[in-house]
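7 is the number of the first residue of the sequence shown in the numbering used here; add one for each residue after it.
Glycine is no exception: its CB is placed at the ideal position from the N, C-alpha and C atoms.
Small disclaimer: the values here were computed from a predicted structure and weren't measured.
Structure record follows, encoded as structure tokens.
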Amino acid sequence: MAIHFYGADDVPYGCFSNFSPHGLELDGRWWPTSEHYFQAQKFAGTRHAEQIRLARTALRAAELGRDRGRPLRRDWERVKDDVMRRAVAAKFRTHEDIRCILLATGDEELVEDTGTDHYWGRGRTGTGRNMLGRILMRTRTGLRAGER
7 MAIHFYGADD
17 VPYGCFSNFS
27 PHGLELDGRW
37 WPTSEHYFQA
47 QKFAGTRHAE
57 QIRLARTALR
67 AAELGRDRGR
77 PLRRDWERVK
87 DDVMRRAVAA
97 KFRTHEDIRC
107 ILLATGDEEL
117 VEDTGTDHYW
127 GRGRTGTGRN
137 MLGRILMRTR
147 TGLRAGER
């Protein structure tokens, strides 16, 4: 049976959302959420990245990151999965409480339950790529193996 998650406030799996209030340190900076980190990396090395890092909420970071008036880095499609993997791994290494929740899911499939995102979630038809769920499951495997 699969475990579905979406909203950051959903108990007990809201911590799987990139909007959950679990900060992390990556690239020598503190990021309020994994969403802040992910969106900022679309503009790595520019002033836009720092604006996103300093956004008051994860929703605002997402809005800024999705603004196509900003110059998206050329290699984004190639690197976005690795960026997400790094953010998710750092988040769960940083916070023992949510690491325990992730590990307690055993071998269950994790599915981002969104009808609007066919890439990161299950999508409208339920046949989406579920890349966030897959990255969480890969992170879970790495944590079990003692990866740091």
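Close beta carbons around residue i, own chain, < 8 angstroms, minus the five adjacent residues each side
i    : result
L70  : Q45, H54, Q57, I58, A61 and R76
A8   : E114, E115, L116 and V117
L108 : C21, F22, F98, L142, T145, R146 and L149
R35  : R59
Spatial neighbours of residue i in its chain, beta-carbon cut-off 6 angstroms, leaving aside the 5 residues before and after
i    : result
T14  : Per the sequence presented here, residue 14 reads as Ala, with Thr not at that position. So the qualifying residues of the chain are G20, S23, F25 and S26.
G134 : H124, G127 and R128
Residue closest to residue i, alpha-carbon to alpha-carbon, out of the options
i    : options                   : result
W149 : A110, E41 and H42         : A quick correction: the sequence has Leu, not Trp, at residue 149. When each option's Cα is compared against that of L149, the closest is A110.
L78  : T52, V94, R91 and A96     : T52
W126 : M137, D119, G132 and T120 : M137
F11  : G152, A151, R140 and D87  : R140
G152 : T122, D119, R105 and T131 : R105
Sequence-distant residues of its chain with Cβ nearer than 7 angstroms to residue i (five each side left out)
i   : result
E41 : N24, F25, A64, A67 and A68
W37 : G29, L30, Y43 and R59
Beta-bridge pairing of residue i - partner residues as DSSP gives them
i   : result
R35 : L32
H10 : V117
Ignoring anything shorter than 4 residues or poking outside the segment 40-74, list the alpha helix (DSSP H) runs there in chain order.
DSSP runs (the alpha helix (DSSP H)) wholly in the segment 40-74: 40-46, 53-59 and 64-71.
Between the segment 20-27 and the segment 72-88, are three or more C-beta pairs nearer than 8 angstroms?
Touching, no.
Return the chain-ordered ranges of every alpha helix (DSSP H) run that is complete within the segment 80-125 and spans a minimum of 4 residues.
Secondary structure in the segment 80-125: the alpha helix (DSSP H) runs of 4 residues or longer, each lying completely within the stretch, are 82-100 and 102-109 in chain order.
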